[in-house]
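K.L.:
Numbering (my numbering), first residue to last: 674 to 1440.
1) Is the CB-CB distance between residue 1056 and residue 1113 below 8 angstroms?
2) Which same chain residues, not among the five before or five after residue 1002, have their C-beta less than 6 angstroms away from its C-beta?
3) Taking residue 1330 as part of the beta strand (DSSP E), name the residues at either end of that continuous run.
4) At the level of alpha carbons, what is the spacing between residue 1213 and residue 1154?
5) Is it buried or exposed, residue 1438, if we count other Cβ atoms within 10 angstroms and call 16 or more buried?
6) Assign residue 1237 to one of two classes, buried (16 or more other C-beta atoms within 10 Å of its C-beta) or exposed (fewer than that).
7) For the beta strand (DSSP E) containing residue 959, list its first residue and its last residue.
8) Identify whether residue 1304 lies in helix, strand or coil by the three-state DSSP scheme.
9) Excluding sequence positions up to five away, which residues of its chain have a Cβ less than 7 angstroms from the Cβ of residue 718?
10) Between residue 1266 and residue 1229, is the Cβ-Cβ spacing less than 8 angstroms?
11) Which ranges does the alpha helix (DSSP H) cover as unbroken runs of at least 4 residues, wholly within the segment 967-1042, from first to last along the chain?
12) Looking at residue 794: is its Cβ nearer than 8 angstroms to the Cβ of residue 944?
13) Suppose contacts are defined by Cβ-Cβ distances below 8 angstroms. Is residue 1065 in contact with residue 727 by that definition?
14) Is residue 1031 closer than 8 angstroms to residue 1086 when the C-beta atoms are compared?
15) Would you mind stating whether residue 823 and residue 906 have Cβ atoms separated by less than 8 angstroms?
16) Just to confirm the assignment: which complete beta strand (DSSP E) runs, minimum length 3, are found wholly within the segment 733-805?
17) Figure out for me which residue from 1122, 917, 1202, 859 has the closest Cα to the Cα of residue 927.
18) Does the distance from the C-beta atom of residue 1079 to that of residue 1116 stay below 8 angstroms?
19) Just curious, the alpha helix (DSSP H) that residue 945 is in, first and last residue?
20) So residue 1388 and residue 1407 are in contact, right, with Cβ under 8 angstroms, and what is the actual spacing, rounded?
21) Distance check for residue 903 and residue 789, CA to CA, integer angstroms please.
22) Residues bridged to residue 680 by DSSP?
23) Which residue wins for smallest C-alpha separation from residue 1081, given the options 1157, 1045, 1341?
24) Would you mind stating whether residue 829 and residue 808 have Cβ atoms separated by less than 8 angstroms?
25) Beta-carbon within less than 7 angstroms of residue 1307's beta-carbon, same chain only, minus the 5 sequence neighbours each way: which residues are those?
26) Residues in its own chain within less than 6 angstroms of residue 1070 by CB, not counting five upstream and five downstream?
27) Taking the alpha-carbon of residue 1194 as reference, which of 1128, 1144, 1254, 759 has the nearest alpha-carbon?
28) Considering only C-alpha positions, which residue in the set 1361, 1379, 1426, 1378 is nearest to residue 1416?
29) Are the beta-carbon atoms belonging to residue 722 and residue 740 less than 8 angstroms from one another?
30) From which residue to which residue does the alpha helix (DSSP H) around residue 1430 run?
31) I need the boundaries of the alpha helix (DSSP H) containing residue 1055, first residue and last residue.
32) Do the segment 808-819 and the segment 938-957 meet, that is, are 3 or more Cβ pairs less than 8 angstroms apart?
33) Tell me the DSSP secondary structure of residue 1276 in three-state form.
34) Got a sec? Which residues, its chain only, sit under 6 angstroms from residue 837 by beta carbon, not counting five neighbours each side?
35) Going by the CB atoms, is the gap between residue 910 and residue 930 shorter than 8 angstroms?
36) Going by DSSP, name the residue or residues bridged to residue 1158.
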């Protein structure tokens, strides 16, 4: 394994320079100061708002039929007005994830020879500095095994550890008090007034305990004071009432601290590393080396920002950092999936109109794009549970707003499974938002080939989604195609004459997702040998779906009609979902559509006012990887890391776009960039294992091991001077596929449990 680290020669001055740790539920961003240390602490269920019944003024299919008549007749204004009256709910206590508190350590000294680092191999932050002749050290981690955040402080000189500690709440109704001399207890409620009424929200209660060797520990006011200790360990635990039916959760933090302290710090650390490395060590990546690898991380980013990109290891670092963030933010037992900021929260996104929630029009999807290919399938499971919960809530929305069977969700959701349209139909009537996030069930199955998962989890949810669209869709009177609508193409608009509109019939993203849904359900039903009559309904519906259309500018059309774009510089590229992450557009299978997809990308990229936010640039990189253009993919990765990352390598959304007045951390760029790098090295979406499909010139020599492919395989690759040397395929299921390298393609029959070594000519030797 490469020992990859983010490291710096000075403390963080603000949140964007701090280093993140997490255990799938608790998150912390560590500043690492010598005189003043700050931990910014978060918890994934700490949400304002509540679950409540959404009011609807819809008359179901009667209103739907009437508004469709207006759209088909070309009277978009009347159709949109009726949609607003019928399908636009009143904004209620939707809520947002909120930051919880800050733990602050006050020291009576300032250090020099400062060093702080996040070691990706161990998921531990290390900090060191000198004060005169004494060296001070700290390390900290978030333990998934023991569900706490813990830190150890020591110095070379005995009795050198002295500091005071306090906790500062970041929401109203937060209180803390010392209990005994070594413990602070705190409680609070997640409340705010932008996305809820300021009164409803999740409650928390937690504890901070300090254990020392030597010295004195005592309470002064709201603080704990440590004097002249040889070393000190700080233990942090917090729990919430989210999803709880009794008050036992109030005692959980005390139990967690008692059990953790009883084990001792060394055992906690050992268990943490073992648990983390079980996931992280599955993939190793080496993209080459240069002298820049020895520089602090922020200096490396500055060099890349200034066009000096001779630092291939920085891309490997960024890739593995994405995997680190996934392991830290989303575990098999996490109570909720990653939100817009993962499990961390800088206090900025929740103050935006778009909030720190679950956006279902690309952001939450992109958070989980790298999980399967990057060998972190277990980290996908919180999203699976969320989708199942969302589908249950979505049945109410399907009946309430459309009078239809099945389930539907729209543009965003929250901790309680909100599934209704957004409070403005111009952006909130994204009728395939729930379907799009549900495609992750299909992805999980296609990578694992887990028949039980297909039968018991993926197929039932997808079948109910298909039931909605079979009931909801209508025949276009002009074309005879089966179309959705009215709906929008997130979050874009178009011109008809001089008027701007957002809603139409049969948007491309809807048609792509519905086609994939129907085909998946048909194939799953055939495989499981169920629902024979329903299979016929699906076949008939598939035959009536629109084709993918190419417009007059050579672009893939975003809408059923070749409208003029009102925002040709828009950040969303939803109509390219069939290129990435979908598989309907492939370089060899659909060359004309591939050309149209490239034209679409180039048209968007050429705009001077392009809204090149983090997820857009990550999507550019992944899309060009699918087009097998490694140099273009590399170009966008370079921009993502060099121009859209804070010093701590977390991606941000640019100011001036979508209402943002400053750079705001949004984690999807990290995960989208990680997914793009995996796509550049291995692809398996087109019915073949494609080796090095988008290798850029800058990564001339390297190796990767442990990447996953569809069909339940793992792939290792070695290359030199831009040429394949060898690959190894680990087969965990029997099957037939094709193996590709550039223009060479050979059939490959796989036996479960076997390993196949592939040479540069694609000759295979069963090991």
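All residues carry an ideal CB built from backbone N, CA and C; glycine is no exception.
P.N.:
If we stick to the structure as given:
1) Residue numbering aside, residue 1056 sits at position 383 when the chain shown is read from its first letter. Residue numbering aside, residue 1113 sits at position 440 when the chain shown is read from its first letter. Residue 1113 is positioned such that its CB atom lies closer than 8 angstroms to that of residue 1056.
2) On the chain shown, residue 1002 is found 329 positions in, with the first residue counted as 1. Same-chain partners within the cutoff: 695, 1011, 1015, 1016.
3) Along the chain shown, read from residue 1 onward, the residue named residue 1330 stands at position 657. No beta strand (DSSP E) holds residue 1330; DSSP gives it neither H nor E.
4) Here residue 1213 refers to the residue found at position 540 when the chain shown is read from its first residue. Here residue 1154 refers to the residue found at position 481 when the chain shown is read from its first residue. Whole-angstrom Cα-Cα distance: 11 angstroms.
5) Within the chain shown, residue 1438 is the residue found at index 765, counting from 1. With a threshold of 16 other beta carbon atoms within 10 Å, residue 1438 falls short and is exposed.
6) Along the chain shown, one-based indexing puts residue 1237 at 564. With fewer than 16 Cβ atoms within 10 Å of its Cβ, residue 1237 is classed as exposed.
7) Sequence index remark: in the chain shown, residue 959 carries index 286 (1-based). From DSSP, the beta strand (DSSP E) with residue 959 extends over 957-959.
8) Here residue 1304 refers to the residue found at position 631 when the chain shown is read from its first residue. In this structure, DSSP gives residue 1304 a helical state, which the three-state scheme calls helix.
9) Locating residue 718 in the chain shown gives position 45, where the first residue counts as 1. Apart from sequence neighbours up to five positions away, the residues of its chain that approach residue 718 with a beta-carbon distance below 7 angstroms are 875, 913, 915, 1008, 1009, 1088, ordered along the chain.
10) Along the chain shown, one-based indexing puts residue 1266 at 593. Along the chain shown, one-based indexing puts residue 1229 at 556. Using a Cβ distance threshold of 8 angstroms, residue 1266 and residue 1229 count as a contacting pair.
11) You should have 970-978, 985-1002, 1036-1040.
12) The sequence position of residue 794 within the chain shown is 121, counting from 1. The sequence position of residue 944 within the chain shown is 271, counting from 1. Result no, Cβ atoms of residue 794 and residue 944 do not sit closer than 8 angstroms.
13) Sequence index remark: in the chain shown, residue 1065 carries index 392 (1-based). Sequence index remark: in the chain shown, residue 727 carries index 54 (1-based). Cβ atoms of residue 1065 and residue 727: not closer than 8 angstroms.
14) The sequence position of residue 1086 within the chain shown is 413, counting from 1. The sequence position of residue 1031 within the chain shown is 358, counting from 1. Yes.
15) On the chain shown, residue 823 is found 150 positions in, with the first residue counted as 1. On the chain shown, residue 906 is found 233 positions in, with the first residue counted as 1. A contact, by the Cβ cut-off of 8 angstroms.
16) List check, beta strand (DSSP E) in window: 774-779, 785-792, 797-804.
17) Indexing the chain shown from 1 puts residue 927 at position 254. It is 859 whose Cα lies nearest to the Cα of residue 927.
18) For the purposes of this step, residue 1079 is identified with residue 406 of the chain shown, where counting begins at 1. For the purposes of this step, residue 1116 is identified with residue 443 of the chain shown, where counting begins at 1. Contact: no.
19) As a position in the chain shown, residue 945 is number 272, starting the count at 1. Run containing residue 945: 938-953, per the alpha helix (DSSP H) assignment.
20) For the purposes of this step, residue 1388 is identified with residue 715 of the chain shown, where counting begins at 1. For the purposes of this step, residue 1407 is identified with residue 734 of the chain shown, where counting begins at 1. Residue 1407 and residue 1388 do not touch by the CB rule: their CB atoms are close to 17 angstroms apart, not below 8 angstroms.
21) Translated into positions along the chain shown, residue 789 becomes position 116. Translated into positions along the chain shown, residue 903 becomes position 230. Using only the alpha carbons, I get a separation of about 21 angstroms.
22) For the purposes of this step, residue 680 is taken as residue 7 along the chain shown, with counting starting at 1. For residue 680, the pairing in a beta bridge is given by DSSP as 790.
23) Looking up residue 1081 in the chain shown gives position 408. Minimum Cα distance to residue 1081 is reached at 1157.
24) For the purposes of this step, residue 829 is identified with residue 156 of the chain shown, where counting begins at 1. For the purposes of this step, residue 808 is identified with residue 135 of the chain shown, where counting begins at 1. With respect to the 8 angstroms criterion, residue 829 and residue 808 are classified as neighbours on the basis of their beta carbons.
25) By one-based count along the chain shown, residue 1307 stands at place 634. Its chain contains 1369, 1371 as the residues whose beta carbon lies nearer than 7 angstroms to that of residue 1307, once the 5 sequence neighbours on both sides are disregarded; these appear in chain order.
26) Along the chain shown, read from residue 1 onward, the residue named residue 1070 stands at position 397. Its chain contains 1081, 1092, 1093 as the residues whose beta carbon lies nearer than 6 angstroms to that of residue 1070, once the 5 sequence neighbours on both sides are disregarded; these appear in chain order.
27) Residue mapping note: residue 1194 aligns to position 521 of the chain shown, counting from 1. It is 1128 whose Cα lies nearest to the Cα of residue 1194.
28) Mapped onto the chain shown, residue 1416 falls at position 743. Restricting attention to 1361, 1379, 1426, 1378, the CA atom closest to the CA of residue 1416 is found in 1361.
29) Numbered from 1 along the chain shown, position 49 holds the residue referred to as residue 722. Numbered from 1 along the chain shown, position 67 holds the residue referred to as residue 740. No; because the gap between Cβ atoms is not below 8 angstroms, this pair is not in contact.
30) Reading the chain shown from its first residue, position 757 is the one you call residue 1430. Here residue 1430 belongs to no alpha helix (DSSP H); instead the beta strand (DSSP E) covers 1428-1432.
31) Translated into the one-based positions of the chain shown, residue 1055 becomes position 382. 1054-1070 is the extent of the alpha helix (DSSP H) around residue 1055.
32) Contact between the segment 808-819 and the segment 938-957 is present, because at least three Cβ pairs lie under 8 angstroms.
33) As a first step, residue 1276 must be located in the chain shown, where it is residue number 603. In the three-state reduction of the DSSP assignment, residue 1276 falls in the helix class.
34) Reading the chain shown from its first residue, position 164 is the one you call residue 837. Closer than 6 angstroms at Cβ, skipping near neighbours: 779, 896, 898.
35) Counted from its first residue, the chain shown places residue 930 at position 257. Counted from its first residue, the chain shown places residue 910 at position 237. Closer than 8 angstroms, so yes.
36) Counted from its first residue, the chain shown places residue 1158 at position 485. DSSP output for residue 1158 lists no bridge partner at all.
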